[in-house]
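**Q** As numbered in full-length UniProt numbering, residues 1 to 370 make up the sequence shown, in order. Sharing a structure below in structure tokens format, with a few things to ask.
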Amino acid sequence: MSVNIENESVMHSNGINDHVRSSTSAHLKLNLKSLIVKHWVLLISAVLGGIGSIMGPILLRLYYIHGGNRKWIPGWLQSSGFPILLIPISINYLCHRRNPSSSCEKFFISPKVLLGASVLGLLYGLDNFMYTYGLSYLPVSTSSIVYSIYLVFIAFFSFFIVGQRLTPYSVNAVVLMTLGSVLLGIRQNGDKPPGVSAGQYLLGFLLTLGAAALLGLMIPCTEVSFTKFAKNITYNGVLQFQFWISLFSTIFCTVGMIVNKDFTAMSKEAREFGLGECRYYLVLVFTAVVCQMSFIGAVGVLFSSSALASGVYSATLVPVTSIAGVIVYHEKFSGEKGISLAMCLWGFGSYFYGYYRDTKKQSTKNQICI
Numbered sequence: 001m002s003v004n005i006e007n008e009s010v011m012h013s014n015g016i017n018d019h020v021r022s023s024t025s026a027h028l029k030l031n032l033k034s035l036i037v038k039h040w041v042l043l044i045s046a047v048l049g050g051i052g053s054i055m056g057p058i059l060l061r062l063y064y065i066h067g068g069n070r071k072w073i074p075g076w077l078q079s080s081g082f083p084i085l086l087i088p089i090s091i092n093y094l095c096h097r098r099n100p101s102s103s104c105e106k107f108f109i110s111p112k113v114l115l116g117a118s119v120l121g122l123l124y125g126l127d128n129f130m131y132t133y134g135l136s137y138l139p140v141s142t143s144s145i146v147y148s149i150y151l152v153f154i155a156f157f158s159f160f161i162v163g164q165r166l167t168p169y170s171v172n173a174v175v176l177m178t179l180g181s182v183l184l185g186i187r188q189n190g191d192k193p194p195g196v197s198a199g200q201y202l203l204g205f206l207l208t209l210g211a212a213a214l215l216g217l218m219i220p221c222t223e224v225s226f227t228k229f230a231k232n233i234t235y236n237g238v239l240q241f242q243f244w245i246s247l248f249s250t251i252f253c254t255v256g257m258i259v260n261k262d263f264t265a266m267s268k269e270a271r272e273f274g275l276g277e278c279r280y281y282l283v284l285v286f287t288a289v290v291c292q293m294s295f296i297g298a299v300g301v302l303f304s305s306s307a308l309a310s311g312v313y314s315a316t317l318v319p320v321t322s323i324a325g326v327i328v329y330h331e332k333f334s335g336e337k338g339i340s341l342a343m344c345l346w347g348f349g350s351y352f353y354g355y356y357r358d359t360k361k362q363s364t365k366n367q368i369c370i
């Protein structure tokens, strides 16, 4: 009798162990699948963000060079391409509905998430206006340099808002890339565009610096919104969140355009545009598209990694944008630009080497626990 009881106990224990091993295996497979998806999202977001971040300032500068002088239109263009997001959001929603094995995601986000997106959207609208207003008085290289300082603000606010740990690698990346951006503009800070006074140049500098500080605050706040308001964070949910941010940002700039009578002035500005009326509207359309690509890329990198990683990636594109300006507008490529590019790439490598070490260390801990 005691032998039977012992056998039943052993069989029951083996069954529990098999169930635990099966659950652990399923959990590991789910984590591996999630990790692969995040890596693909990170790659696609980096490509889209790179194209948008480089082409956005180039097209905005093209608008100003050939006769565009409205202050609200460029800010409005940075978010008005948000209807493009309905395409991937709808495709993802329909795929989940047709797949019975997957849980169907909600097409509309919760009221709390919508509230957070609306507040952030208004702030992004203000940030877009400040940045493009400053760009109207600054050379594109100087504007990019000043705006890249937001990486320092991201590191500062991320430490207090989201508890982002500052490793020696991330600190090294921030210092190198900031110094590289400053070095890039050492001999260009007094390079005023034709027709720009010293007061206007100073105003453009201060507006761009303020936009950088505001963006450095909003990126960690966006990360907090993801984790606080959304229980299950998916990329589709991130796209919806971005859709509402861009919508409220566009509303903010639309009100400014109405007050400033920019809509009524567009037809006259198009006729007087240096490249022609048709190309004027093409510049506006393509600017809206590439700015939205930049936004998609930045949020995707943020979703797949962290606020600081998103900032480091964006700051890396600063010297690349300067090189694009050299190619497109035949600007002089100085030695400072070459050194700056090397420093920014060094900082980029430093951060992701640290990220690789942390990921490897965490993976080793998980294997030990299992």
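Idealized CB from N, CA, C, for every residue including glycine. The model shown is predicted, which means the values in this text are computed figures rather than measured ones.
#1: Which two residues bound the contiguous alpha helix (DSSP H) that contains residue 145?
#2: How big is the Cα-Cα spacing for residue 412 and residue 59?
#3: Closest to residue 89 by CA distance: which of 239, 270 and 281 is it?
#4: Under 8 Å between the Cβ atoms of residue 321 and residue 53?
#5: Which whole-angstrom value is the C-beta distance of residue 216 and residue 154, which I expect to be below 8 Å?
#6: Once the 5 residues before and after residue 128 are set aside, which same chain residues still bring their CB inside 7 Å of it?
#7: Given 8 Å as the limit, is there contact between the segment 140 to 153 and the segment 276 to 293, that is, 3 or more CB pairs closer than that?
#8: Taking Cβ positions, are residue 208 and residue 131 nearer each other than 8 Å?
#9: Which residue from 256, 268 and 241 puts its Cα closest to that of residue 114?
#10: Using CA coordinates, which residue listed in 55, 197 and 86 is at the minimum distance from residue 323?
#11: Tell me the DSSP secondary structure of residue 39 in three-state form.
#12: Report the three-state DSSP secondary structure of residue 287 (helix, strand or coil).
#13: Going by DSSP in three states, residue 81 sits in which element: helix, strand or coil?
#14: Taking residue 116 as part of the alpha helix (DSSP H), name the residues at either end of that continuous run.
#15: Nearest by alpha-carbon distance to residue 327: which of 266, 194, 120 and 141 is it?
#16: Do you know offhand how far residue 201's Cα is from residue 325's?
#17: Here's the rule I'm using: 16 or more other beta-carbon atoms within 10 Å means buried, otherwise exposed. How should residue 342 be labelled?
#18: Once DSSP output is grouped into helix, strand and coil, what is the label at residue 69?
#19: Flag residue 316 as yes when its Cβ comes closer than 7 Å to any non-hydrogen atom of the ligand NAP, and as no otherwise.
#20: Give me, in chain order, the residues of the same chain whose beta-carbon lies closer than 8 Å to that of residue 23; leave out the 5 immediate sequence neighbours on both sides.
#21: Let me know the secondary structure DSSP gives residue 166 once reduced to three states.
**A** Short version:
#1: Within the sequence shown, the letter at position 145 stands for residue 145. That run of the alpha helix (DSSP H) goes 140 to 147.
#2: This structure cannot speak to residue 412, because the chain is shown only from 1 to 370.
#3: Sequence index remark: in the sequence shown, residue 89 carries index 89 (1-based). If we check each option's Cα against that of residue 89, 239 comes out closest.
#4: Residue 321 sits at position 321 when you count from the first residue of the sequence shown. Residue 53 sits at position 53 when you count from the first residue of the sequence shown. Yes, Cβ-Cβ distance for residue 321 and residue 53 is below 8 Å.
#5: As a first step, residue 216 is located in the sequence shown; it is residue number 216 there, counting from the start. As a first step, residue 154 is located in the sequence shown; it is residue number 154 there, counting from the start. Going by Cβ atoms, the distance from residue 216 to residue 154 rounds to 5 Å, so yes, they are a contact pair.
#6: On the sequence shown, position 128 is the one that residue 128 refers to. These residues qualify, in order along the chain: 75, 78, 79, 249 and 253.
#7: no
#8: For the purposes of this step, residue 208 is taken as the residue at position 208 of the sequence shown. For the purposes of this step, residue 131 is taken as the residue at position 131 of the sequence shown. Against a cut-off of 8 Å, the Cβ pair of residue 131 and residue 208 comes out as a contact.
#9: Stepping through the sequence shown from its first residue, residue 114 is reached at position 114. Among 256, 268 and 241, the Cα nearest to that of residue 114 is on 241.
#10: One-based indexing of the sequence shown puts residue 323 at position 323. Of the candidates 55, 197 and 86, the one whose C-alpha sits nearest the C-alpha of residue 323 is 55.
#11: Position 39 of the sequence shown, counted from the start, is the residue given in the question as residue 39. Here residue 39 sits in helix by DSSP.
#12: To locate residue 287, count along the sequence shown from 1; it is residue 287. Reduced to three states, the DSSP call for residue 287 is helix.
#13: Here residue 81 refers to the residue found at position 81 of the sequence shown. It is coil, neither helix nor strand.
#14: Start at 1 with the first residue of the sequence shown, and residue 116 comes out as number 116. Its alpha helix (DSSP H) spans residues 111 to 135.
#15: Translated into positions along the sequence shown, residue 327 becomes position 327. Closest option to residue 327, Cα to Cα, is 141.
#16: Residue mapping note: residue 201 aligns to position 201 of the sequence shown, counting from 1. Residue mapping note: residue 325 aligns to position 325 of the sequence shown, counting from 1. When rounded, the distance between both Cα atoms is 20 Å.
#17: Counting from one through the sequence shown, the residue named residue 342 turns up at place 342. The residue is exposed, with fewer than 16 neighbouring Cβ atoms inside 10 Å.
#18: Within the sequence shown, numbered from 1, the residue matching residue 69 stands at position 69. In this structure, residue 69 counts as coil in the three-state DSSP scheme.
#19: Only the bare structure without any ligand can be found here, which leaves the ligand NAP out of the picture.
#20: Residue mapping note: residue 23 aligns to position 23 of the sequence shown, counting from 1. Because residue 23 sits at a pLDDT of 49, beneath the cut-off of 50, its placement in the model cannot be relied upon, and the following sentence gives the value as read from the coordinates. Close CB contacts of residue 23 within its chain, under the 8 Å cut and outside five residues either way in sequence, are absent.
#21: The residue given as residue 166 occupies position 166 in the sequence shown. In the structure shown, residue 166 sits in coil (DSSP, three-state: anything other than H, G, I, E or B).
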